[in-house]
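All remarks here apply to the structure that follows.
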Amino acid sequence: MENVCARRSDKELCRVLITDSRSTVKWLADRGIRFQLSFNRQAYEVEGRFKFWGGLCLKAEDGGKGLIADHLAAAKENGMLLSWSTGLKGVKRETGHGQHRYMATVLQEGVEQVISTNAIIFAAGGFEWNPRMRSQYLGPGWDTAMVRGTPYNMGRPYDVGASF
3 MENVCARRSD
13 KELCRVLITD
23 SRSTVKWLAD
33 RGIRFQLSFN
43 RQAYEVEGRF
53 KFWGGLCLKA
63 EDGGKGLIAD
73 HLAAAKENGM
83 LLSWSTGLKG
93 VKRETGHGQH
103 RYMATVLQEG
113 VEQVISTNAI
123 IFAAGGFEWN
133 PRMRSQYLGP
143 GWDTAMVRGT
153 PYNMGRPYDV
163 GASF
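Heads up: the sequence shown runs through residues 3 to 166, numbered per this note's numbering.
Okay, here's the thing in C-alpha cells:
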C-alpha cells in the first residue's frame, strides 16, 4: 500500500483493510452477499494451477449488479425501509427514556411526509455540484473547478447529517 499510494495512504485505514478483510468478507457472506473466485480478471494459469495476483481472489457474484441486488435483498429481509428518488428536507432527533427517535421529513413524488425511525442512513449522491462544499471539504480553488456529474448532487444530506 505504501508503494502504490506513494506513502500517502492512511496507515490506520490500511491496517484495518489488511487485517480485517477476511472477517469482513465472512460477515458479508453470512448476510447473503454472494462471492466467487475471480478467475476472469485476477488469475493466470501456471503449471496447471491458477494463481491470483494482487491479493484479489474474490469478487461479488455477477459483479456490481449482483452486489447491489444482494445488499437490497439483505436490507429487505431485515425489515429496512428503502426510499428511492426521495428528497430529504430535514431530520429531527427526539430523545426520551434514554433512546433516540428520528423524524425525517422527505419529499417523494411531490408529496411531503414524515418517516419515524430508530436509525437513519444518509445514502445520497455527492456534493460535487456545490462550490461551497467543494471548497470546504476539498480545499481552496475547488469552488471554481469544472465538474462532471449531476446538478442534483448539492450535498444537502451532508448538511442535514452534520447538524447532529
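Think of the CB as a built atom: it goes at the ideal place given N, C-alpha and C, for glycine as much as any other residue. Note that the structure is a prediction, hence the values are computed from the model and not measured.
Per-residue DSSP class, three states only, for S118: In the sequence shown, the residue the question calls residue 118 occupies position 116. It is a strand residue.
Separation of S85 from E111, as counted between CA atoms: Residue 111 sits at position 109 when you count from the first residue of the sequence shown. Residue 85 sits at position 83 when you count from the first residue of the sequence shown. Looking at the two C-alpha atoms, the distance is approximately 11 Å.
For a minimum of 3 consecutive residues, which ranges assigned as the beta strand (DSSP E) are wholly contained in the segment 66-136? 88-98, 101-110, 113-119
Below 8 Å CB to CB, which residues in the same chain sit around F129 once its five sequence neighbours on both sides are set aside? The residue labelled residue 129 in the question sits at position 127 within the sequence shown. Cβ within range, chain order: M135, R136, Y139, N155, M156, G157, Y160.
Where Y46 falls: helix, strand or coil (DSSP): Looking up residue 46 in the sequence shown gives position 44. Strand at Y46.
Check whether the segment 42-49 and the segment 9-21 are in contact - that is, three or more C-beta pairs closer than 8 Å. no
Start-to-end residues for the beta strand (DSSP E) that takes in A62: Translated into positions along the sequence shown, residue 62 becomes position 60. A62 -> beta strand (DSSP E) spans 60-62.
With distances taken from CA atoms, which of G65, L39, G151 is nearest W55? For the purposes of this step, residue 55 is identified with residue 53 of the sequence shown, where counting begins at 1. That would be L39, whose Cα lies nearest to the Cα of W55.
Short check: CB of V116 to CB of L90, under 9 Å? As a first step, residue 116 must be located in the sequence shown, where it is residue number 114. As a first step, residue 90 must be located in the sequence shown, where it is residue number 88. Contact flag unset, no.
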